[in-house]
Amino acid sequence: MRFTRVTLFFIAFIITLGFYQLARHFLADVEPQTFQATEEVMVDTANLLAELVERNIHEHEFKTEHLREAFTGAHQREIKAEIFDHFKSHVGLQMYLTDKNGIVLFDSDGGRKEGEDYSQKRDVKRTLDGKYGARSSRAEEDDSASSVLYVAAPIGDSAKPDGVLTIL
496 MRFTRVTLFF
506 IAFIITLGFY
516 QLARHFLADV
526 EPQTFQATEE
536 VMVDTANLLA
546 ELVERNIHEH
556 EFKTEHLREA
566 FTGAHQREIK
576 AEIFDHFKSH
586 VGLQMYLTDK
596 NGIVLFDSDG
606 GRKEGEDYSQ
616 KRDVKRTLDG
626 KYGARSSRAE
636 EDDSASSVLY
646 VAAPIGDSAK
656 PDGVLTIL
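In terms of my numbering, the sequence shown opens at residue 496 and continues consecutively.
Structure, rendered in structure tokens:
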């Protein structure tokens, strides 16, 4: 009788360990895939917006007021989107635009960052160096769940940009 109990215990232990390893493996894949999908869409969005800004600059029609009005209007829209278990009620996309020296020319968050030097921020610095620029920073230093993803795109020539457009 004792041998049967010990055998059953070890079989149950091995099965439990197998399920644990399987769950750990699958969960380890989910988070990176989520970030990859999110970042991929952000790269497309940043490059699309950078192209629009670049065309306006070349046509000498670029005015930050137009961007500000567009973002203000978008942020005031009432959205009723049910995305799986998440209810989205407003536009959360933010953007800032820097010149070739990393100085913020436009900030969609009410212009609070305008005039600040972002030349050493990873997203801006790498993009100005002709590389892919992205970073993740905490909105609140003490809150590990407050990470914000920043994805940048060059304005103009990607090897020697005239500026950087970053979305977050």
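Cβ atoms here follow ideal geometry from the backbone N, Cα and C, with glycine treated the same way.
For clarity, every value in this text was computed on a predicted model and none was experimentally measured.
Assigned exposure category for residue i - 16 Cβ within 10 Å defines buried
i    : result
E549 : buried
A648 : buried
I509 : exposed
F601 : buried
T593 : buried
Residue i - DSSP class collapsed to helix/strand/coil
i    : result
H585 : coil
A629 : strand
E609 : coil
A569 : helix
E549 : helix
E560 : helix
E577 : strand
D539 : helix
A634 : coil
A654 : coil
N-terminal and C-terminal residue of the beta strand (DSSP E) that residue i is part of
i    : result
F601 : 599-602
L660 : 658-662
D594 : 590-594
A648 : 642-650
Unbroken alpha helix (DSSP H) run spanning residue i, endpoints
i    : result
D618 : 617-623
Problem - the segment 561-572 / the segment 616-628 touching (three or more Cβ pairs under 8 Å) - result: no
Exercise for the section: Count the CB pairs spanning the segment 563-578 and the segment 636-656 that are closer than 8 Å, and state whether there are at least three. Expected result: no
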